[in-house]
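Notes follow once the structure below has been shown.
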Amino acid sequence: DIIKDTPRLRSIPNHGGYIDQSGYTLIHHDEFNLMEYITRQSNENEVDLEASINQTVNTTLESGRAQWAIDLITDSQKHDQSCLKSGALVFRIHHWIGDGLRLSQLGSRFLKFVDGSPAEIAAIKKMLRKRRNHNHHAADMNANKSAFSLFSDRLRVLYMFSRDFFTALTLDKMRPEDENCIHKPDTLFERDGRSTASSYVDFAHIKHIREYYTTPSKHVTLNDVVFSAFCGAIDRYAELKGQPIKEGGIMRCMCAFALPDTQSNRTPGDTFNNFLLPSLDMAVGPQYAGNREERLRTVCGTNNVMKTSMVAFISTKLVDILVRLGLDSLILETQKRLWKKHSLIYSNVPGFEQRVHLLDATHTVERLAVYYPNMVSQSIFVSYCDKLCFSLTADYKQVEDPNALVSAFAEEISSWMEEINLQKSKIEN
1 DIIKDTPRLR SIPNHGGYID QSGYTLIHHD EFNLMEYITR QSNENEVDLE ASINQTVNTT
61 LESGRAQWAI DLITDSQKHD QSCLKSGALV FRIHHWIGDG LRLSQLGSRF LKFVDGSPAE
121 IAAIKKMLRK RRNHNHHAAD MNANKSAFSL FSDRLRVLYM FSRDFFTALT LDKMRPEDEN
181 CIHKPDTLFE RDGRSTASSY VDFAHIKHIR EYYTTPSKHV TLNDVVFSAF CGAIDRYAEL
241 KGQPIKEGGI MRCMCAFALP DTQSNRTPGD TFNNFLLPSL DMAVGPQYAG NREERLRTVC
301 GTNNVMKTSM VAFISTKLVD ILVRLGLDSL ILETQKRLWK KHSLIYSNVP GFEQRVHLLD
361 ATHTVERLAV YYPNMVSQSI FVSYCDKLCF SLTADYKQVE DPNALVSAFA EEISSWMEEI
421 NLQKSKIEN
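FYI, the numbering for the sequence shown is 1 to 429, going by UniProt numbering.
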């Protein structure tokens, strides 16, 4: 059913696997052999499970066929020949097929929680609930406003739109980045020579850090904590490589996030690749050394501005208009100039917060890994089974040691927790 409902899962791209306008060839449903895309591997030693995952995700997807694969990595001592008793489910899926959020949602179609209910992503349910509550609240507020207040609101929106429209038109004119440890200024990410690495941290630690800094007057999100720790990891990695970031240095990322999944923005039969890429300045440099609270404060401010900004949305609409006018070459050159001024694409994709099972509760999945091998230097954070995964797909020419960078993220979270616990013990004593 998933294959039938998602045409790109049974499509062969006509462009060698990279995103462009060349289209794809659809494999007829009755000719599609699902089992060709599912493989089972036997892992002799459970402690090597993460190493087996790492080896699998660094295997290139075959060309000339649909660009995805499912790998079941099993512990040979804990399963029989008929089912997955314990191990990992690795879903490798080319980013050309769709954006991470909606692809993660596909899991609810074949994964279950321990009680037998379909696996759902809690963060998505929360976002939808907040959006509905916000819409109801806004409608109630507008009903009680005077004509002057409504007019003032419209003027404010018009001002913000005009400001963001001008910014969107001049994005590619922004000052270039300074040279840093993971990106040579004014260079594009390469298409070859990529490597994927991952590290895991306790999701409870992320929640604990958020709760520690959240007050009645200051709301801190999980993404604020994760992005702040990621910036700290960049500083750690820069020091390790002997290329510390200078104070006031500019380092940027493009933050990928999906648009609301509604019928109005959905193309019939093809529900993916509907997302925005706002530009974010990263909170890095010696000014944050020994001051994680200041880094978090900066990140919170940056994220709050992004949430109300229309720049990325306007840019997307301008691109759509230029495509319709046949100005594809102009778009490509503009996008190249813009991408050259960013170190990476950052994407925080929510995952399952409970343990999931394949088919039923007897098919335990110790690790659920989802990787998007086309995107270069993209960080994807997925919470699953009380773990948050930092996955980095890096260009060899840009990130010299991806394993050291993902380890730096885990070290930053660990050190942050130690700092909080030390502060708490001082207060208690």
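The beta-carbon is built from N, C-alpha and C at its ideal position, and this holds for glycine as well.
Grouping DSSP H, G and I as helix and E and B as strand, with all else coil, what is residue i?
i	result
C253	strand
T352	The question names Thr, yet the displayed sequence has Phe at residue 352. Of the three classes helix, strand and coil, the one that applies to F352 here is coil, per DSSP.
Q378	strand
G248	coil
Q81	With a pLDDT of 45 at Q81, under the threshold of 50, the modelled position of that residue is not reliable, and the figure given next carries that caveat. DSSP places Q81 in coil when its eight states are reduced to three.
T302	helix
S343	coil
L26	strand
K145	coil
Q41	strand
A69	strand
Near residue i, what residues of its chain come up, given a Cβ to Cβ distance below 8 Å and the 5 sequence neighbours on each side ignored?
i	result
K340	P176, P185, D186, T187, L188
residue 446	For the chain, the structure presents residues 1 to 429; residue 446 sits outside this window and is missing.
I27	R10, S11, I12, A66
N54	T196, A197, S198
Cα-Cα, which of the options is closest to residue i?
i	options	result
residue 507	G193, M417, L103, E62	Residue coverage of the chain in this structure runs from 1 to 429, which leaves residue 507 outside it and unanswerable.
V370	L358, V349, I209, A408	V349
N180	K397, I420, E418	K397
V90	K241, V114, Q287, L368	L368
L49	A88, L150, I3	A88
L344	M174, P278, T59	P278
N291	S415, H357, D320, Q243	S415
I3	W68, G242, N58, T56	W68
If we call anything under 7 Å between Cβ atoms a contact, is residue i one with residue j?
i	j	result
V201	L338	no
F165	I314	yes
T74	S42	yes
I182	V365	no
N303	D224	yes
T334	D172	yes
E120	S104	no
Spatial neighbours of residue i within its chain, please: C-beta separation below 6 Å, excluding the five flanking residues on both sides.
i	result
E353	A122, S383
N144	none
T39	D71
D235	V284
On the DSSP bridge list, what partners appear for residue i?
i	result
F390	S199, F381
N180	H183
F113	V356
F165	Beta-bridge pairing links F165 to no other residue.
R367	A88
L405	In the DSSP output, where bridge partners are listed per residue, L405 has none listed.
Going by beta carbon distance, what residues of the same chain come within less than 7 Å of residue i, once the five residues before and after it are set aside?
i	result
V406	A197, S198, S199, F390, L392
E412	A229, G232, A233, R236
R355	V114, C385
T214	V220
F409	S199, A229, F230, A233, F390
L276	F257, L259, A312, F313, T316
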